[in-house]
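Asker:
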Amino acid sequence: METATSTITHESTLFAEPIGHIGAFHITNALLTSWIAVGLIVIISILVRISVKRIPGKLQSIFEIILEGAYDLCDQVTGSRRTTEKVFPLVISIFFFVLFNNWIGILPLGGLGVVVNEGTHSMFAPFVRSGTADINTTIALAVIAVIGSNLFGIVSIGAWNTFNKYVNLKALGGIFTKIRKGPSVLLVAPITFFVGLLELVGEGAKIASLSFRLFGNVFAGEVLLASMAAIFAYVLPVPFLFLEIFVGLIQALIFSMLTLVYFTIASQDHNHDESSHAQVAHG
Amino acid sequence: MEQFAATFHIDWQIILAQAINFAVVVFVLYRFAIKPLKKNLDERKGVIEQGLTDAKAHRELLATAKHDYEKVLSDARTEADKIMKEVKKDAEKRRGELLEQAQKEALALTQSAKKDLEAEKIKMLTDAKRELADMVITATGKVLGGAVTKEIDTKLVEDAVKHI
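Chains as they are written, first to last, in the working numbering: chain A, 6 to 288; chain B, 2 to 165.
1) CB-CB under 6 Å to residue 264 of chain A, same chain, minus the five flanking residues each way: which ones, in chain order?
2) Taking the straight line between their C-alpha atoms, what separation do you get for residue 101 of chain A and residue 232 of chain A?
3) How would you list, in chain order, the residues of chain B whose beta-carbon sits under 7 Å from the beta-carbon of residue 30 of chain A?
4) Could you tell me the alpha carbon to alpha carbon distance between residue 64 of chain B and residue 98 of chain B, rounded to whole angstroms?
5) Going along the chain, which residues of its own chain have a beta-carbon closer than 6 Å to the beta-carbon of residue 234 of chain A, five neighbours each way excluded?
6) Taking the continuous alpha helix (DSSP H) assigned at residue 150 of chain A, which residues delimit it?
7) At the 8 Å Cβ level, is residue 59 of chain B part of the contact set with chain A, yes or no?
8) Flag this pair as touching only if the stretch 34 to 52 of chain A and the stretch 119 to 138 of chain A have three or more C-beta atom pairs under 8 Å; answer yes or no.
9) Of the residues A:204, A:198 and A:119, which one's Cα is nearest the Cα of residue 177 of chain A?
10) Relative to the alpha-carbon of residue 163 of chain B, which residue among B:151, B:145 and B:127 has its alpha-carbon at the smallest distance?
11) Assign residue 18 of chain B to one of two classes, buried (16 or more other C-beta atoms within 10 Å of its C-beta) or exposed (fewer than that).
12) Roughly how many angstroms lie between the CA atoms of residue 36 of chain A and residue 81 of chain A, to the nearest whole one?
13) I'd like to check one pair, residue 94 of chain A with residue 27 of chain B: are the Cβ atoms closer than 8 Å?
14) When the distance is taken between beta carbons, is residue 15 of chain B closer than 8 Å to residue 141 of chain A?
15) State the Cα-Cα distance for the pair residue 2 of chain B and residue 8 of chain B, rounded to the nearest angstrom.
16) DSSP on residue 133 of chain A, reduced to helix/strand/coil?
17) Taking residue 74 of chain B as the query, report the chain A residues whose CB atoms sit under 8 Å from its CB, ordered along the chain.
18) Look up residue 289 of chain A in the DSSP assignment and give the residues it is bridged to.
19) List the residues of chain A whose Cβ lies closer than 8 Å to the Cβ of residue 4 of chain B, in chain order.
20) Please go through the same chain and pick out, in chain order, the residues whose beta-carbon is closer than 6 Å to the beta-carbon of residue 53 of chain A, but skip the five residues on each side of it.
21) Just confirm the distance between the C-beta atoms of residue 228 of chain A and residue 110 of chain A, as a whole number of angstroms; I'd bet it's less than 8 Å.
22) Check whether chain A comes within 8 Å of residue 39 of chain B, counting only Cβ atoms and requiring the distance to be less than that.
23) Roughly how many whole angstroms lie between the Cα atoms of residue 31 of chain B and residue 181 of chain A?
24) Would you list the one or two residues that DSSP bridges to residue 260 of chain A?
25) Does residue 88 of chain A come within less than 8 Å of chain B when only Cβ atoms are used?
26) Over what stretch of residues does the alpha helix (DSSP H) that includes residue 32 of chain A continue unbroken?
27) Cα-Cα, which of B:159, B:122, B:77 and B:125 is closest to residue 139 of chain B?
28) Which value, in whole angstroms, describes the spacing of the CA atoms of residue 134 of chain B and residue 161 of chain B?
29) Can the beta-carbon of residue 219 of chain A be found less than 8 Å from the beta-carbon of residue 256 of chain A?
30) Mind checking residue 85 of chain A: buried by the 16 CB within 10 Å criterion, or exposed?
31) Smallest Cα separation from residue 157 of chain A: which of A:253, A:90 and A:56?
32) List the residues of chain A that residue 51 of chain B touches, going by C-beta distances under 8 Å, in chain order.
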């Protein structure tokens, strides 16, 4: 297909190539891959639902082992089973969604695609591109993770405490209440307030780091495989395929674990901790 | 920012579509896979814990039952020993009593026998005396030849016999 005419070119683009559209809505190959991933997850979930029995079969055993392992891993991060159980559905969903998207993109189906006319020249666009090799997907996930963690914080420690993490009015108010204990609060309180503002910037940084880390890794993997195939087709990419399978797993794990960490941090009240530490120190 | 969006083809529609995709994944995965699996796991854990607790309770019950059984057995043994001892004592006592009675009876029997013998002897002696007297009378009568009356004769003889 690629060599059919000299005007058709294919290159690994930073963006997901559109392969069709419904009205004004462009369907990209990354979006298609995500739909396939969602479809697979739905099918597997329903299979699990059907096969759940008191005495587990093979499929159920595998999923029970995964589930138990995931719970234990999350417990190590959150430190409490209660928090784990609240956050777990979201975290495991991120894991599987990212994992399926990563792995479907690795499948050597690069030959299947459509030729898209873009102005002067024609572009070959494969149907399958890792869903996570599109910044739109990773931004969506990162925004959900960060906004979700803050909502979780509001539910866990209250809206006022969450607000004070970023715009630390409590610290400023503390100037008037703690000034009697010593003048150091005059120095500490503005710093604490400023740190709060930094945290606000940090939330934006979290979105950027989460989305670009995942996008960068998966996209780099695709480019790497394409380059290796260009150097020595069929043989050279094989070890890199294994590498990409591993990277796909690791990136899914990293994204979900970081989300879990953000949720855990959001559910803990820092000011409260500090004041209780101070009380211990004073006591 | 514009350039950034253009480079990466950032499209809020696709971001939204992917968010919806993810929402579907969360819903389906939780509703159809994690929730039933977790529920099943917890239930099985409960059943196993219940089983272990029950097993422990049964083991304890068994130990208690065994202990009780041994206690009852040893009690019974003690009781039996006690009864046996009492019975033995009773038997001993009874034997003594019987022996005593027998001895008494034997003594009484001997005594009565002696008495009878005595009486017999006296009776025999009396009979012998009477017969001797008759014989003497007859002899004397024969010797005297009827010179003396029968009454005198008898009186004489009786006196004589008495003096013997």
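Ideal Cβ placement from N, Cα and C applies to all residues, glycine included.
Answerer: According to the data block:
1) The residues are 96, 99 and 150.
2) Distance between the alpha carbons of residue 101 of chain A and residue 232 of chain A is about 28 Å.
3) Under the 7 Å cutoff, chain B gives 14.
4) Their Cα atoms are separated by approximately 50 Å.
5) Correct list, in chain order: 242.
6) Note, residue 150 of chain A: alpha helix (DSSP H), 140 to 162.
7) Not one chain A Cβ lies under 8 Å of residue 59 of chain B.
8) Yes: at least three Cβ pairs fall under 8 Å.
9) Of the listed residues, the one whose Cα sits closest to residue 177 of chain A is A:198.
10) The shortest C-alpha to C-alpha distance from residue 163 of chain B to any of B:151, B:145 and B:127 is the one to B:127.
11) It is buried - the Cβ of residue 18 of chain B has at least 16 other Cβ atoms within 10 Å.
12) Approximately 34 Å, taken between the alpha carbons.
13) Result yes, Cβ atoms of residue 27 of chain B and residue 94 of chain A sit closer than 8 Å.
14) Yes.
15) Taken atom to atom, the span from the alpha-carbon of residue 2 of chain B to that of residue 8 of chain B is near 10 Å.
16) Look at residue 133 of chain A here: in three-state DSSP terms it is coil, with no helix or strand label.
17) Within chain A, no residue comes near residue 74 of chain B; the closest Cβ sits about 43 Å away, beyond 8 Å.
18) Because chain A in this structure spans residues 6 to 288, residue 289 of chain A falls outside the shown range and cannot be described.
19) Going along chain A, no residue has its Cβ under 8 Å from residue 4 of chain B, so there is no contact; the nearest lies around 12 Å.
20) In its chain, beyond the 5 residues on either side, 68 have a beta carbon closer than 6 Å to the beta carbon of residue 53 of chain A.
21) Wrong, their Cβ atoms sit about 12 Å apart, outside the cutoff.
22) At least one chain A Cβ lies under 8 Å of residue 39 of chain B.
23) When rounded, the distance between both Cα atoms is 49 Å.
24) DSSP output for residue 260 of chain A lists no bridge partner at all.
25) Chain B, which has no Cβ nearer than 8 Å to the Cβ of residue 88 of chain A, makes this no.
26) Annotation: residue 32 of chain A is outside any alpha helix (DSSP H); the continuous beta strand (DSSP E) that includes it extends over 30 to 33.
27) Measuring from the Cα of residue 139 of chain B, the nearest candidate turns out to be B:159.
28) Residue 161 of chain B has its alpha-carbon roughly 8 Å from the corresponding atom of residue 134 of chain B.
29) A contact, by the Cβ cut-off of 8 Å.
30) By the 10 Å Cβ count, residue 85 of chain A comes out exposed.
31) Answer by Cα proximity: A:90.
32) Within chain A, no residue comes near residue 51 of chain B; the closest Cβ sits about 13 Å away, beyond 8 Å.
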